[in-house]
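2 protein chains.
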Amino acid sequence: MTTARAGRARSTRQGVAVESLLEASSGFRSAQDLHAELRRRGDAVGLTTVYRHLQSLVDGGSVDMLRTVDGEALYRQCADSRHHHHLVCRRCGTAVEVSGQAVERWAGAVAREHGFTDVDHTVEVVGTCGECSAGPAPSS
Amino acid sequence: MTTARAGRARSTRQGVAVESLLEASSGFRSAQDLHAELRRRGDAVGLTTVYRHLQSLVDGGSVDMLRTVDGEALYRQCADSRHHHHLVCRRCGTAVEVSGQAVERWAGAVAREHGFTDVDHTVEVVGTCGECSAGPAPSS
DNA sequence: CGTGAACTGGTAACGGTTTTCATCTGCAGC
DNA sequence: GCTGCAGATGAAAACCGTTACCAGTTCACG
Ligand SMILES: [Mn+2]
Ligand SMILES: [Mn+2]
Ligand SMILES: [Zn+2]
Ligand SMILES: [Zn+2]
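So the sequence lines, in the order shown, correspond to chains A and B.
Quick note on the numbering used here: the first sequence kicks off at 1343 and runs consecutively.
Quick note on the numbering used here: the second sequence kicks off at 1343 and runs consecutively.
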C-alpha cells in the first residue's frame, strides 16, 4: 500500500546492478554512461536493459529524468519521493534536492491569474558548487 | 550597441520567411512544424535552412528554445527580450510570458544557502488555458 | 522436472538534428 | 548595371540517443 512501485515482477542481477549503481551516484547520469561503467566494472548489462530498468524506475517514481539542452536523457535516484526540485552543479553534476514552497505558490498563483488550470511545473537550478569553485581551475 | 544580434550577414527570402512565421505564431513550434507550414503555403524553405535560422535566432537571444520530454526542440519568438518564463497550455500550445520576482529570489536564495555560485535556472509552467478547458472535450 | 510468463540483449529501425558539399545568390565594390 | 565571392541554400547522408523487434534465457510455481 505504501510503495506504489510499478516495478518489475522479478528481481534480476541486471536490475539490481542498474538500480544500485544509480543509487551510489551523486548526480544525474545518462543511460549510456551507466551502461559504460557497468561494462567497465565487469558485470555487464545490455544497453537495452539499462534503458528498460531506468524507465521502470521513472514510472515507479523513485527516479527523476530530465533532458539536457542537446536532447540527452539524464536520470537520478531521488532520496525524497515527494515533489521537489534540484540544484545541480554544472561542473561536477552533483545535485542537491530542494523543496520550494515559494515556487509552488508562485506557479499556482501565476496560473490562476491567467485562467489556467491543472497546473504543473518544472524548475531546475544550475550553478557551480562550493567544492568546484574552490577546486582546480578548468585549465586544459 | 543596443541590438546584440548575432544574426546572419545577409537578408534572404528564407530567413525572412522563418522569422516572420515564428513571429506570427502564438506558442512554441517545432522546426519540422514550421517547415511543413512554409511548404504548405507555397514559399518553401529547406528543412536544414529552417534549423539554421532558428539556431541563429536563439543565439541572438530573440527566440527561446526548450526540449519536450521526448527530446524535440521547440522554438518561440519572445515579445520580451528580458529574462522571463512561460505559462504554456498543454492543449493548444499558447504561451503567456510571465516574470517571477518570487522565483528569481527563491532560486538565488536556495543556491546561496548551499554554497552555489553563478546560478542560472529554468522554469516552465504548463496547464490548461481557460479557452481550452471551456472548449470542446477531447473526445475522439 | 516441465511449463510459461518475465526478462535479456544483439541487431535493426526510428526520428530529430547536424554535417557535408555542390550549387546558388545577395551585395559590396567597381 | 556588371562581377566576384563570401555567405547562404538544400538534398542527401551521417549522426546519435532511444526504441522496437524477436529469438534465446531465466525463474517461480505446480
Ligand atoms: Mn515545484
Ligand atoms: Mn527566472
Ligand atoms: Zn561541483
Ligand atoms: Zn489552450
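Glycine is no exception: its CB is placed at the ideal position from the N, C-alpha and C atoms.
Keep in mind it's a predicted model, so treat the numbers as computed, not measured.
Sorted by chain position, which residues of the same chain lie with C-beta nearer than 7 angstroms to B/Val1392's C-beta, five sequence neighbours on each side aside?
Closer than 7 angstroms at the Cβ level, and outside the excluded window around B/Val1392, lie Val1360, Ala1373, Leu1376, His1377.
Could you tell me the alpha carbon to alpha carbon distance between B/Arg1447 and A/Val1405, rounded to whole angstroms?
Cα to Cα, B/Arg1447 sits roughly 28 angstroms from A/Val1405.
Using three-state DSSP, classify B/His1426 as helix, strand or coil.
Coil, per DSSP.
Does chain B have any CB closer than 8 angstroms to the CB of A/Cys1420?
Taking Cβ atoms only, chain B never reaches closer than 8 angstroms to A/Cys1420, which makes this a no.
Can you list the residues of chain B that A/Gly1469 reaches, using a CB-CB cut of under 8 angstroms?
Near A/Gly1469 (Cβ distances below 8 angstroms), the residues of chain B are Ala1453, Phe1458, Thr1459, Asp1460, Val1461, Asp1462.
Examine ligand 3 and report whether any of its heavy atoms sits within less than 7 angstroms of the Cβ of A/Thr1436.
Taking 7 angstroms as the cut-off, the C-beta of A/Thr1436 counts as close to a heavy atom of ligand 3.
Could you tell me whether the Cβ atoms of A/His1426 and A/Glu1466 are closer together than 8 angstroms?
Judged by beta-carbon spacing, A/Glu1466 lies beyond the 8 angstroms limit of A/His1426, meaning their Cβ atoms are not closer than that value.
Work out the CA separation of A/Leu1363 and A/Ala1386 for me, nearest whole Å.
Taking the Cα positions, A/Ala1386 is about 12 angstroms away from A/Leu1363.
Indicate whether at least one CB of chain A lies closer than 8 angstroms to the CB of B/Val1429.
Strictly speaking, residue 1429 of chain B in this sequence is Leu, with Val absent from that position. Closer than 8 angstroms to the CB of B/Leu1429 there is at least one CB belonging to chain A.
How do the stretch 1434 to 1447 of chain A and the stretch 1429 to 1438 of chain B stand: do at least 3 beta-carbon pairs fall below 8 angstroms, yes or no?
By the Cβ criterion, the stretch 1434 to 1447 of chain A is not in contact with the stretch 1429 to 1438 of chain B, since fewer than three pairs of Cβ atoms, one from each stretch, lie closer than 8 angstroms.
Starting from A/Glu1414, trace the beta strand (DSSP E) in both directions and tell me its first and last residue.
DSSP places A/Glu1414 outside any beta strand (DSSP E), giving it a letter other than H or E.
In terms of residue numbering, what span does the beta strand (DSSP E) encompassing A/Val1360 cover?
DSSP places A/Val1360 outside any beta strand (DSSP E); the residue lies instead in the alpha helix (DSSP H), whose first and last residues are 1355 to 1366.
For B/Cys1420 and B/Gly1369, the rounded distance between their alpha carbons:
Approximately 10 angstroms, taken between the alpha carbons.
Roughly how many whole angstroms lie between the Cα atoms of B/Asp1422 and B/Ala1449?
About 21 angstroms.
For A/Ser1404, which of helix, strand or coil comes out of DSSP?
It is coil, neither helix nor strand.
Spatial neighbours of A/Gly1349 in its chain, beta-carbon cut-off 8 angstroms, leaving aside the 5 residues before and after
Cβ within range, chain order: Ser1398, Leu1399, Gly1402.
Extent of the continuous beta strand (DSSP E) run through B/Asp1460:
Per DSSP, B/Asp1460 belongs to the beta strand (DSSP E) from 1459 to 1470.
In terms of residue numbering, what span does the alpha helix (DSSP H) encompassing B/Ala1444 cover?
It spans 1443 to 1455 - the alpha helix (DSSP H) in which B/Ala1444 sits, taken as one unbroken run.
Does any residue of chain A bring its CB to less than 8 angstroms from the CB of B/Asp1375?
No, B/Asp1375 does not count as interfacial toward chain A.
Using the beta-carbon of each residue, which ones in chain A are nearer than 9 angstroms to B/Ser1475?
Within chain A, the residues placing a beta-carbon under 9 angstroms from that of B/Ser1475 are Gly1457, Phe1458, Thr1459, Asp1460, ordered along the chain.
B/Val1461 and A/Gly1469 closer than 8 angstroms at C-beta:
Their beta carbons are under 8 angstroms apart, which means B/Val1461 touches A/Gly1469 by this criterion.
By the DSSP assignment, the beta strand (DSSP E) with B/Ala1437 in it spans what residues?
Bounds of the beta strand (DSSP E) holding B/Ala1437 are 1437 to 1440.
Would you check whether ligand 4 has a heavy atom nearer than 7 angstroms to the C-beta of B/Glu1473?
Within the cutoff, so yes.
Kindly say whether B/Glu1466, judged by its beta-carbon, lies nearer than 8 angstroms to any beta-carbon of chain A.
So yes, B/Glu1466 belongs to the interface.
Beta bridge counterpart(s) of A/Gly1369 as assigned by DSSP
Paired residues: A/Thr1436.
Using CA atoms only, rank isn't needed, just tell me which of A/Glu1455, A/Ala1476, A/Cys1474 is closest to B/Gly1472.
Nearest C-alpha to B/Gly1472: A/Glu1455.
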